[in-house]
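Asker: The numbers in this note's numbering rise by one with no breaks, and the one at position 131 of the sequence shown is 131.
Ideal Cβ placement from N, Cα and C applies to all residues, glycine included.
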Amino acid sequence: MTSNRDILLIQATRRGNLAKVSDLLAQGIPGNARDPNDTSALMYASQGGHAEIVRILLKHGADVNHRKHPGGLTALMLAASLDRLEIVRLLLAAGAEVNQVNHDGTPALMIAAYKGHLEVVRALVEAGASLDRTDKDGDTAINLAIARGHNEIVRFLLDRSPAIPDGNGAILAAIEASNLDALKLLIERGVNVNLRTESGETPLIVAVEKGHAPTIDILLDGGADPEVTTSEGETALTIAAAEGHAEIVRRLLAAGVNVNHANESGETALHLATIEGRFEIVRDLLQAGAEIDKPNEFGDTPSILAIVQGQEAIVAELLQHGADPNYANGKENLLTLAIGRGSEKICRILLSSGANPNQFYPDGKTLLMKVCEQDNHVVARDLVEAGADVNARDSGGATALMWASHRGSTGAVKVLLESPDIHLNDRNQGGLTALMLARLNHYTSIATLLENAGAIE
Numbered sequence: 001m002t003s004n005r006d007i008l009l010i011q012a013t014r015r016g017n018l019a020k021v022s023d024l025l026a027q028g029i030p031g032n033a034r035d036p037n038d039t040s041a042l043m044y045a046s047q048g049g050h051a052e053i054v055r056i057l058l059k060h061g062a063d064v065n066h067r068k069h070p071g072g073l074t075a076l077m078l079a080a081s082l083d084r085l086e087i088v089r090l091l092l093a094a095g096a097e098v099n100q101v102n103h104d105g106t107p108a109l110m111i112a113a114y115k116g117h118l119e120v121v122r123a124l125v126e127a128g129a130s131l132d133r134t135d136k137d138g139d140t141a142i143n144l145a146i147a148r149g150h151n152e153i154v155r156f157l158l159d160r161s162p163a164i165p166d167g168n169g170a171i172l173a174a175i176e177a178s179n180l181d182a183l184k185l186l187i188e189r190g191v192n193v194n195l196r197t198e199s200g201e202t203p204l205i206v207a208v209e210k211g212h213a214p215t216i217d218i219l220l221d222g223g224a225d226p227e228v229t230t231s232e233g234e235t236a237l238t239i240a241a242a243e244g245h246a247e248i249v250r251r252l253l254a255a256g257v258n259v260n261h262a263n264e265s266g267e268t269a270l271h272l273a274t275i276e277g278r279f280e281i282v283r284d285l286l287q288a289g290a291e292i293d294k295p296n297e298f299g300d301t302p303s304i305l306a307i308v309q310g311q312e313a314i315v316a317e318l319l320q321h322g323a324d325p326n327y328a329n330g331k332e333n334l335l336t337l338a339i340g341r342g343s344e345k346i347c348r349i350l351l352s353s354g355a356n357p358n359q360f361y362p363d364g365k366t367l368l369m370k371v372c373e374q375d376n377h378v379v380a381r382d383l384v385e386a387g388a389d390v391n392a393r394d395s396g397g398a399t400a401l402m403w404a405s406h407r408g409s410t411g412a413v414k415v416l417l418e419s420p421d422i423h424l425n426d427r428n429q430g431g432l433t434a435l436m437l438a439r440l441n442h443y444t445s446i447a448t449l450l451e452n453a454g455a456i457e
């Protein structure tokens, strides 16, 4: 229980009043006085930088290792945190436990390293501070210094460590903080750059995910394996491609990585860059020799994925580098895929790159029939201009003109009538012409167009 006399000593200590503190101690007030918050006079003196008061309190029985509750702080931790070097030395000389920890498992050394107090760090290490102790987050003093960019402390601690404690953690701390100097220093000291984290990632994978290109160079120069894979079969390249880190992709390609490595889903860097719409990376991968029509486990090539995602520029780039414009995944080909998604520009790109305009759907309809049904006159015109057979028949004997007339697709009918090869009066297996179908469905304007073009029943 705190007495009034204890409070007087605490107040004098906090004010730095050496004479008053001396007088109160001479009256018999114990040097180990604490306030209601369990903070001792010695703690206040250490925190305030009152070295002479620290000396006199220690002479009068102050507990140098008292831990404040809650929190578990000691006078040494407070002095270390505030760079009170003289007081740190006084406390250590008085028997302060250098490796005592607070409730987070943090000793004075970690606190000083985090704050960047080199001389305090030196004093603590010389007094026997443990370099490999970890706090509740698994950090060491070196890791904390790295994270805060205190590289003089990093170098000092490494010089005092026969073996680098938690080398992988130190590397990761340097990567997370983009602390290139510390990273180089760790590699120079022999830290294994290919150690894996608990989740199976190497430092290179972590650096790629962070997207810091200079870090990649240092790791590669330090012996990092660029082909190492994660548990999902991802490499540094596939991750960089998916995340859009173009500069890292270029650096990995320059290092000679396998551009065609596929993950567990059969997807290469080219697949992943395409899915995410990373045009610049797609171009770089193609120039590096990426296999352009490699299917993933679902049979999808980069071209298919580009069409699904509506990536017009990527579709064009893939075709320019030799992608097969007629590639089919089962019953679906690139043109049917583009038509199904209403991608007029992509249809035009495919046709200009040599896609066959006379392909059939599984139901026997041609591409031209399908777009005429939908009255997509833009794609219908492109198909006709690319050489689509305007008179081809489906299994029921119907032509594109019949389907357009049956569906009321006025725009498509106009496009078809422009063709000098159109057969106006062909009949389907039911004996019906395009004009009959238009009249049966009450599309009078289409019937008029057909009659004016010379159609008869």
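Identify whether residue 514 lies in helix, strand or coil by the three-state DSSP scheme.
Answerer: Outside the shown range of the chain, which is 1 to 457, sits residue 514, and nothing can be said about it.
Asker: Under 8 angstroms between the Cβ atoms of residue 180 and residue 215?
Answerer: Their beta carbons are under 8 angstroms apart, which means residue 180 touches residue 215 by this criterion.
Asker: Residues in its own chain within less than 6 angstroms of residue 196 by CB, not counting five upstream and five downstream?
Answerer: So the list reads 202, once near-sequence residues are dropped.
Asker: Can we count residue 382 as close to the ligand MG, meaning its CB is less than 7 angstroms from some heavy atom?
Answerer: Of ligands this structure carries none, so the ligand MG is not represented either.
Asker: Using the rule of at least 16 other Cβ atoms within 10 Å of the residue's Cβ for burial, across every protein chain shown, is residue 36 buried or exposed?
Answerer: Exposed, by the Cβ-count rule.
Asker: Judging by CA-CA distance, which residue of 380, 386 and 395 is the nearest neighbour of residue 404?
Answerer: For the residues 380, 386 and 395, the minimum Cα distance to residue 404 belongs to 380.
Asker: Given this structure, state the Cα-to-Cα distance separating residue 159 from residue 153, to the nearest angstrom.
Answerer: Straight-line Cα distance between these residues: approximately 10 angstroms.
Asker: Give the straight-line distance between the Cα atoms of residue 395 and residue 434, rounded to the nearest whole angstrom.
Answerer: Cα to Cα, residue 395 sits roughly 16 angstroms from residue 434.
Asker: By the three-class DSSP mapping on this structure, what secondary structure does residue 174 have?
Answerer: Residue 174: helix per DSSP, three-state reduction.
Asker: Would you mind stating whether residue 41 and residue 57 have Cβ atoms separated by less than 8 angstroms?
Answerer: Yes, they are a contact pair.
Asker: Report the three-state DSSP secondary structure of residue 384 (helix, strand or coil).
Answerer: Three-state result, residue 384: helix.
Asker: Keeping to the same chain, check which residues put their C-beta closer than 8 angstroms to that of residue 307; ignore five residues upstream and five downstream.
Answerer: Excluding residues within five positions, the ones whose Cβ falls inside 8 angstroms are 315, 334, 337, 338, 341, 343 and 346.
Asker: Can you look up residue 399 in the DSSP assignment and give me helix, strand or coil?
Answerer: It is coil, neither helix nor strand.
Asker: Is it the case that the Cβ atoms of residue 172 and residue 208 are separated by a distance below 8 angstroms?
Answerer: No.
Asker: Assess, as a yes-or-no matter, whether the segment 89-97 is touched by the segment 135-142 under the definition of 3 or more beta carbon pairs within less than 8 angstroms.
Answerer: Touching, no.
Asker: Do residue 144 and residue 110 have their C-beta atoms within less than 8 angstroms of each other?
Answerer: It is a contact, given that the beta carbons lie within the stated cut-off.
Asker: Mind listing, in chain order, the continuous alpha helix (DSSP H) runs of no fewer than 4 residues lying wholly within the segment 17-43?
Answerer: Taking only runs of at least 4 residues, the alpha helix (DSSP H) segments lying wholly in the segment 17-43 are 18-26.
Asker: If distances are taken between C-alpha atoms only, which option among 326, 50, 82 and 297 comes closest to residue 303?
Answerer: That would be 326, whose Cα lies nearest to the Cα of residue 303.
Asker: Give the DSSP-derived three-state secondary structure of residue 120 in the structure shown.
Answerer: Residue state, collapsed to three classes: helix.
Asker: What separation, rounded to the nearest whole angstrom, lies between the Cα atoms of residue 191 and residue 21?
Answerer: Approximately 52 angstroms between the Cα atoms of the pair.
Asker: Quick one: residues in its chain with C-beta nearer than 8 angstroms to the C-beta of residue 213, no 5 flanking neighbours on either side, listed in chain order?
Answerer: Same-chain partners within the cutoff: 245, 247, 248 and 251.
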